[in-house]
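Asker: Which chain is which? The protein sequence lines are V and F, in order. Quick note on our numbering: the first sequence kicks off at 333 and runs consecutively. Quick note on our numbering: the second sequence kicks off at 333 and runs consecutively. Here a beta-carbon is modelled for each residue, glycine too, at the ideal position from N, C-alpha and C.
Protein chains: 2
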Amino acid sequence: MERRKFLRDSAAAAVLGSLAGEKLIAEAVGATSSAPNQGSSERKAVHAHIDANLPRHIEKIQEYLRQPSISAEGTGIKECAEMTRRYLAEAGCKEAELIPSKGHPGVWGYLDAGTKKTLVVYWMYDVQPVNPAEWKTPPFAAQLVPEPRWGAQGRIIRARGAINTKGPERAFLNAVESIRAANGRLPVNLMFLCEGEEEMSSPHMPDFVAKYRDRLSKADGVIFPMCSQDPDGRATLFLGNKGIVYVELESHGGPQGGPTKAEIHSSLKAAVDSPVWRLVQALASFTDATGNKIRIAGLADNIRKPTAREEELVEALLKELDGPAQMKLYGLERWIDGVDYRTSLRRLLFETTCNIDGMWAGYTGPGGKTILPHKANAKLDFRLVPNQKAADVVPLLRKHLDAHGFSDIKINWSNGYDPSQTDPDSALVKAAQATYADYGVKAVTWPRIAGSAPFYLFTRELKLPLVIFGLGHGSGAHSVDEYLVIDADGPIKGLADVEKGYADFLFNFAR
Amino acid sequence: MERRKFLRDSAAAAVLGSLAGEKLIAEAVGATSSAPNQGSSERKAVHAHIDANLPRHIEKIQEYLRQPSISAEGTGIKECAEMTRRYLAEAGCKEAELIPSKGHPGVWGYLDAGTKKTLVVYWMYDVQPVNPAEWKTPPFAAQLVPEPRWGAQGRIIRARGAINTKGPERAFLNAVESIRAANGRLPVNLMFLCEGEEEMSSPHMPDFVAKYRDRLSKADGVIFPMCSQDPDGRATLFLGNKGIVYVELESHGGPQGGPTKAEIHSSLKAAVDSPVWRLVQALASFTDATGNKIRIAGLADNIRKPTAREEELVEALLKELDGPAQMKLYGLERWIDGVDYRTSLRRLLFETTCNIDGMWAGYTGPGGKTILPHKANAKLDFRLVPNQKAADVVPLLRKHLDAHGFSDIKINWSNGYDPSQTDPDSALVKAAQATYADYGVKAVTWPRIAGSAPFYLFTRELKLPLVIFGLGHGSGAHSVDEYLVIDADGPIKGLADVEKGYADFLFNFAR
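1) Can you pull the chain A residues whose beta carbon is under 8 Å from the beta carbon of residue 683 of chain F, in chain order?
2) Does the Cβ of residue 739 of chain V have 16 or more other Cβ atoms within 10 Å, making it buried, or fewer, making it exposed?
3) Could you work out which residue in F:379, F:613, F:419 is closest to residue 392 of chain F when comparing CA atoms only?
4) Going by the beta-carbon positions, is the gap between residue 615 of chain F and residue 612 of chain V smaller than 8 Å?
5) Within 8 Å (strictly less), CB to CB, does residue 782 of chain F reach chain V?
6) Going by DSSP in three states, residue 834 of chain V sits in which element: helix, strand or coil?
7) Where does residue 673 of chain F fall in DSSP's three states?
8) Hey, how far is the Cα of residue 764 of chain F from the Cα of residue 685 of chain F?
9) Whole angstroms are fine: how far does the CA of residue 762 of chain F sit from the CA of residue 770 of chain F?
10) Identify the contact partners of residue 754 of chain V in chain F, using a Cβ-Cβ distance below 8 Å as the criterion.
11) Along the chain, which unbroken stretches of the beta strand (DSSP E) at least 3 residues long are found entirely within the region 401 to 438 of chain F?
12) Hey, out of F:792, F:434, F:759, whose CA is closest to residue 450 of chain F's CA?
13) Taking C-alpha atoms, which residue in V:525, V:556, V:381 lies nearest to residue 545 of chain V?
14) Touch check for the region 638 to 657 of chain V and the region 669 to 680 of chain V: three-plus C-beta pairs under 8 Å?
15) For the 8 Å Cβ check, are there 3 or more pairs between the region 699 to 708 of chain V and the region 582 to 599 of chain V?
16) If we count the other Cβ atoms within 10 Å of its Cβ and call it buried at 16 or more, is residue 598 of chain F buried or exposed?
17) Taking the alpha-carbon positions, what's the residue 783 of chain V to residue 575 of chain V distance?
18) Does any CB atom of chain V fall closer than 8 Å to the CB of residue 677 of chain F?
19) So, is residue 848 of chain F buried or exposed, given that buried needs 16 or more other C-beta atoms within 10 angstroms?
20) List the residues that DSSP assigns as beta-bridge partners of residue 557 of chain F.
21) Taking residue 862 of chain V as the query, report the chain F residues whose CB atoms sit under 8 Å from its CB, ordered along the chain.
22) Which ranges would you report for the beta strand (DSSP E) in the region 662 to 709 of chain V if only whole runs of at least 3 residues count?
23) Which residues in the same chain as residue 547 of chain F place their Cβ atom closer than 7 Å to its Cβ, once the five residues preceding and following it in sequence are excluded?
24) Among residues of its own chain, excluding the 5 on either side of residue 355 of chain F, which ones have a beta-carbon nearer than 6 Å to its beta-carbon?
25) Just the Cα atoms here: how many angstroms apart are residue 464 of chain V and residue 470 of chain V?
26) Hey, would you say the C-beta of residue 477 of chain V is under 7 Å away from at least one heavy atom of the ligand HEM?
27) Given this structure, state the Cα-to-Cα distance separating residue 370 of chain V from residue 550 of chain V, to the nearest angstrom.
28) Would you mind giving the Cβ-Cβ distance between residue 394 of chain F and residue 408 of chain F, rounded to the nearest angstrom? I have them listed as a contact below 8 Å.
29) Using alpha carbons as the reference points, say which of F:644, F:788, F:645, F:521 lies closest to residue 859 of chain F.
30) Let me know if residue 411 of chain F comes out buried or exposed under the rule of 16 or more other beta-carbons within 10 Å of its beta-carbon.
31) Could you list which residues in chain V have their beta carbon closer than 7 Å to that of residue 624 of chain F, in chain order?
32) Mind checking who residue 623 of chain F pairs with in its DSSP beta bridge?
33) Note the first and the last residue of the continuous beta strand (DSSP E) segment covering residue 506 of chain V.
34) Does the distance from the C-beta atom of residue 556 of chain V to that of residue 442 of chain V stay below 8 Å?
35) Return the residue from the list F:710, F:753, F:691, F:617 that minimises the CA-CA distance to residue 639 of chain F.
36) To the nearest angstrom, how far is it from the Cα of residue 694 of chain V to the Cα of residue 666 of chain F?
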């Protein structure tokens, strides 16, 4: 999921972390650090069971993290798929089966609680590759180590997958097991849909969703277990994400002119067309002179206006966010087109984009080399908002290129998916917000995130609301020394509260 | 000199080699391979002296080539400068002195023959770096080895500098010595202006020319000794070269928008300006949509129309050249804008250009990475024809950028020089053509070459005609196994004729 890919660099982390409130660290959070007592006796029993079994729960998380599952390499995938299936069976899923695919298998689980409501758990069991030499402790040792950053009693598990996402997922399952052990049954039915290719852009998730479509579509919502607290304790709740289409363009010498085989001497420009100029002119036709107004006909046709509810959320967000701090974080001296922060935030949330991620042609080394290159390339991404469709973008781009005389410019490849949106007033969102409130954790709700994730499979295809939910904190996804906080003295919730929070979320959702 | 830099790759070699006639290999050249007998007794005596002293002349060339003089590294430069000075003194220069500079020294020599006419010899004593491991024989061993490509008696000297250009230069000096030995005096006075930084873009040549300006400006022409025969035996005579201005542009986040410190996540494009889009739009403003018509105001203002004489030369050239073969050589499916070969050749010779040599921004690796880069760069070169001035280009470019709202786009650096032009009807050119004809060598005369060299120092600053002249053949400049042909059975002239040709050129020029 791209959300976690953001975390690979500071700018990216800012999208989730700081845009969401990392700059608010100085503010008091006003939270308590203990679990709420206002719950029912059912909840109390579950909480007590979690407290009593915490050492074993920690061990289960370590066990899961110690099983490598690097999808890009295939390392441990088979074993981790089977471990996941077994976990689901042990947690009470009568159905717990591998889903064969042409790639890494999926895992399906169904836990029938005999209740009215059903929650889908989206689950990824794969992780990013590692370079163990760079880690403080071996990435698949999953050591429980002290971490003073989180207080005198601070402890973390350091492991690949600790936060992204086997740690939170196993914590969720620990909570499920405690609910069953304490109360005999769950407040909701659970459908688990797990994949082992999330870090490879989920190529078979559409197949998995299709296979269980009839059953999934009868559910009431989807949770992606996560630990969503920032280091300051604040939680962020995104109600959707933009879609994305990523394309690579290529201009190459051919019947329309230019050298076809190799670069030639630049003095020949006088007699020979340039594939580089063609790419530049084609790209330039996509926007106005500022690069900010898209001129590709039809691209924005299906964008719906923000709803009144979304507008409310933006106004609330503006009270939480600090524009100048954001500018500093990104190294900006102004927002787009020189607009104010409110306008830039509205554009961030509600507008489509055409961005050049990279371009290259010819000689790029030091000094000068006099060549007329035979090819030029650019990578672009388009971010999509409701109700744009990813499938429309490449045909519109092709049509634009052809109409502007650039039919020779190839779209080497493309991929992407639709935007995803969850109703801010859905019971699922309310359950998440209520649970954060139960624990005194301030949750900042965004109408959507400007980044992208393939959650349209649930929200658009199955019409299900989806939340990324969880107390607690971790970081280092896609990086070194990835961790999940197990114990913390400050506003960050430790593992016991993380698991109690998942349980309470289920109770809240079932209400 | 860029002319030789062309030879580094096949596309480049084509500009000089094949555009000039390499594709004519199949045609009969109709040349004799022996020296002409139509000369005076003076010439006959010189030719006899050259024949009698050929082994010693070969040794002198080997001696010069065995002295390394790699300007980029400084290797042997001091020794080679002094050797060059000594050679000039031994050849009869009463004045033979080093010219100190902040870089490698120049060498000045004056040989006073008491004649009316004076010829300047432009001379470079430096060579390109070498990787000895790649050579068949050590690059500074200057071995005389058999080479069957040039016939049963074929022999070459293989060495760095063999063709570029210490081989032809020392051969020229051998001819000078033979004239003096045989006849007592030269038919022309000679001024030698030598540099040891040609392979570093001649940074101190303007100073050297300025230092001897009063004396140089009284000369009647300039020769750059070369062996100008293609493998098919045909010689090419370029009457000028285009000027060049090379610039590197940079678009970078700043007060006009965009991230200033590092790339940020591409989803932020909705709220942040893009330095890449700015570069694309700025570049696009330089030309029309084809990339072929320049829209930078003033750039073409000073271009003079081709003269009737130049038009004649183009028509003659067209009879020699083979458009379809050229297209194949460069890997083209059409000439610029789809024009015919005549039009493309006229544009090649008479028009200015704006070429993108390279550009780069952001992510250029495999697959996709979603970033909004903080900078983007492009390298461009402008080729200049008479009477454009190199000094005008950057100010016009700056003015254009500013006028189009791109005052933030920086010109990181630039360099270049003016075009150079020699009168096709000058006595110097006629002497060169007459000498080729004397030896039955077909010479193809170009109004100019589309490439660039800093010969404006002589032609524009001093109003002197300049020829790159010489019988014979060599290749491998800037590459491995560089060679000069010493003996050949075919249309290529061997060293004896090369030296006789230089002598006859001086006689022809003196007439």
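Answerer: By the coordinates alone:
1) Here chain A cannot be found, since the structure's protein chains are V and F.
2) exposed
3) F:419
4) yes
5) yes
6) helix
7) helix
8) 30 Å
9) 12 Å
10) Close to residue 754 of chain V, with beta-carbon spacing below 8 Å, lies no residue of chain F; the smallest spacing is near 18 Å.
11) 427 to 431
12) F:759
13) V:525
14) Yes, the region 638 to 657 of chain V touches the region 669 to 680 of chain V.
15) Touching, per the Cβ criterion.
16) buried
17) Rounded to whole angstroms, residue 783 of chain V to residue 575 of chain V spans 8 Å at the Cα level.
18) yes
19) Since the first residue of chain F shown is 333 and the last is 843, residue 848 of chain F is not available in this structure.
20) F:801
21) Nothing can be reported for residue 862 of chain V: it is not among the residues displayed for chain V, which extend from 333 to 843.
22) 685 to 694
23) 523
24) Confidence at residue 355 of chain F is low in this model, with a pLDDT of 25, below 50, so its placement is unreliable and no value can be given for it.
25) Those two C-alpha atoms are separated by around 6 Å.
26) By its list of ligands, the structure shown contains no ligand whatsoever, and the ligand HEM lies outside what it can speak to.
27) Reliability fails at residue 370 of chain V, whose pLDDT of 46 lies under 50, so the model's placement of it is uncertain and no value is given.
28) So it is not a contact: roughly 15 Å between Cβ atoms.
29) Summary: the structure shown does not reach residue 859 of chain F, with chain F confined to residues 333 through 843, and so no result is reported for it.
30) exposed
31) Under the 7 Å cutoff, chain V gives 605.
32) Under the DSSP definition of a beta bridge, residue 623 of chain F lacks any partner.
33) Premise fails: residue 506 of chain V lies in the alpha helix (DSSP H), 498 to 515, not in any beta strand (DSSP E).
34) For residue 556 of chain V and residue 442 of chain V, no; Cβs fall outside 8 Å.
35) F:753
36) 21 Å
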